[in-house]
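Residue numbers (our numbering): 10 to 105.
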């Protein structure tokens, strides 16, 4: 059985650790890396070639919205799932 390779990008360590713990319970998912900001997420996507990036949309250095745009432009085969606790439509539409 093939595993889905996931990269987690969030600037909060506790969120990354929680997502890793949760995803590691699934046999068909493998967390291949974690990034603390958008720039690191782009670099790790290039290096690790995950199937999916779980991306926080608001991070320091380079936010998740811009990082998502760059990842989708450079690596169209990589799927990005936006994570946010904001309920403002502006943030949601920025991700689309």
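Glycine residues also receive a C-beta, built at the ideal position from the N, C-alpha and C atoms.
Who does residue 88 pair with in a DSSP beta bridge? For residue 88, DSSP records a beta bridge to 61.
Near residue 6, which residues of its chain fall below 6 Å by C-beta distance, leaving aside the five closest residues on each side in sequence? A query on residue 6 cannot be resolved here, the shown segment of the chain reaching from 10 to 105 and no further.
Just the Cα atoms here: how many angstroms apart are residue 43 and residue 25? 7 Å
Under the assumption that residue 91 contacts residue 64 (Cβ atoms under 8 Å), give the Cβ distance between them as a whole number of angstroms. 6 Å
Could you check which residue in 46, 53, 71, 84 has the C-alpha nearest to that of residue 40? 53
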